[in-house]
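Heads up: the structure comes next, in structure tokens.
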Amino acid sequence: MTGATGVDGRPRHLLSIEELGADGLRTLLQLSDTFVEVGQREIPKVPALRGRTVVSLFFEDSTRTRISFETAAKRLSADVMGFSAGSSSLKKGESLRDTVETILAMGVDALVVRHRSSGAPLQVARWCDEISDGRTVSVLNGGDGWHQHPTQALLDAYSLLERLGRRPGDVPSREGVSSASVGDSRHSRVARSNIEAFTLLGADVTLVAPPTLLPAAMPGWPVSVSHDLDEVLAKTDVVYLLRLQRERMEGGLLPSIREYTATYGLTIERTRRLRDDAIVMHPGPMNRGVEIADDATRLLGSLVTDQVRNGVATRMAALFWLLGGSIDG
Ligand code: NCD
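As numbered in our numbering, residues 510 to 838 make up the sequence shown, in order.
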């Protein structure tokens, strides 16, 4: 944790759900309502961050997170600069610190950092606190290694509460919402963030996976574990499917993809066993036909499109909150 505070005692950085805490989570969920409303206007834009500069610093591939953050910043009227590792001086051997220093020297207000190494956004946040020359620079974690993806958890929590018809102010409520995180929680930053966020909101979380795809250690995690998807499907409210993170797997964790799908995939056959009011979630990108059947995203209970749509509003809320924006401009 950096512990640094920014405007009006609000946190300066958004690095993990744990650091955000229940109060911070609730504040951001409530604030997201405002920006959902902005998104429904004919011109979905407010001058809240006019004159501020947000940089997306992506050292790992991304489609939705990057576009979502950049759209969010633009709808707040911030100037947006993009950086992709593949087309930068990193290729010429520049270090992460030099890259960050170079960008800070241009005078920016926020960095959205995605990196394959867990802890990279924290490191960048420390450098920002150290070198930013009196100017407050916020760092938002856009996904780091296996570690955290806090804005994904935020948009997921918002989408879930919206579908359940609950207001963020109602939570935590312990009304017995049960959620199953199905699949590769071992390599998934989404799972780590979501377990924290969903349990802070009062849900009971069960990890469903073969033993090789469960985290090596789960000290103090408030979760149950099951290896029987069919049994869990019969009683769960939310089925959260995780992408098989094949790029992070060493060999031998699965006998075969076909067997994984047969045992842990949400196949069409299994969708028939879902409860009528069951909610299906996936962070994307989806491996259709692996962890989720092609047609499963068209189920009435699928939240996949809502998740992407709410990503913009929840990221507007995060940028607005950290940068101390003003709704009146
Ligand atoms: C996730 C990610 O990159 O962490 N996707 C996303 O940001 N929406 C999930 C994944 O890659 O499985």
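Cβ atoms here follow ideal geometry from the backbone N, Cα and C, with glycine treated the same way. Remember, it's a predicted structure, so these values are computed and weren't measured experimentally.
Contact under 9 Å by Cβ, residue i with residue j
i, j, result
"L710", "L534", "yes"
"Y773", "V717", "yes"
"Q754", "H791", "no"
"L738", "R695", "no"
"I788", "G820", "no"
"L812", "R779", "no"
"T608", "F592", "yes"
"G651", "V617", "no"
"T721", "L763", "yes"
"L751", "G692", "yes"
"P731", "V714", "yes"
"R781", "K744", "no"
6 Å CB neighbourhood of residue i in its chain, flanking five on each side removed
i, result
"D653", "H624, S627, A629 and P630"
"V699", "H658, Q661 and P792"
"S577", "G820, V821 and R824"
"M758", "none"
"A712", "V686 and S688"
Beta-bridge partners of residue i, as assigned by DSSP
i, result
"L631", "Partner(s): none; L631 has no beta bridge."
"M790", "Y749"
"A666", "Paired residues: none, contrary to the question."
"D737", "Answer by DSSP bridge pairing: none, since D737 is not bridged."
"M590", "V564"
"H624", "D653"
"S647", "A619"
"D713", "S687"
Other residues of its chain near residue i: CB distance less than 7 Å, five sequence neighbours each side excluded
i, result
"N703", "A662, D665, S690 and Y749"
"G548", "V821 and A822"
"T645", "G515 and R521"
"T574", "R623, G651 and G652"
"F568", "A594, R623, H624 and R625"
"P553", "V547 and R584"
Collapsed DSSP secondary structure at residue i in the structure displayed
i, result
"I801", "strand"
"G652", "strand"
"A531", "helix"
"S571", "coil"
"L822", "One point to set straight first is that residue 822 is Ala, not Leu, in the sequence displayed. Helix."
"P681", "Because the pLDDT at P681 is just 48, under 50, the model does not fix this residue reliably, and the value given afterwards should be weighed accordingly. Coil."
"A689", "strand"
"S577", "helix"
"L783", "coil"
"G838", "A caution first: G838 carries a pLDDT of 45, below 50, which makes its placement in the model unreliable, though a value can still be read off. Coil at G838, not helix or strand."
"D657", "It should be pointed out that residue 657 corresponds to Gln in this sequence rather than to Asp. Three-state DSSP puts Q657 in a strand."
"D642", "coil"
"V617", "coil"
"R807", "helix"
"T776", "coil"
"P719", "coil"
"V516", "helix"
Neighbourhood of residue i by C-beta distance below 8 Å, restricted to the same chain and skipping five residues each side
i, result
"D803", "R797"
"V589", "T562, V563, V564, S565, E579, A582 and K583"
"E705", "S525, I526, E527 and A662"
"T511", "R521, H522, L524, L631, A634, R635 and D638"
"R606", "W636"
"L540", "A826, F829 and W830"
- prompt: With contact counted as at least three CB pairs below 8 Å, one residue from each stretch, are the stretch 548-561 and the stretch 657-677 in contact?
  reply: They do not touch, by the three-pair rule.
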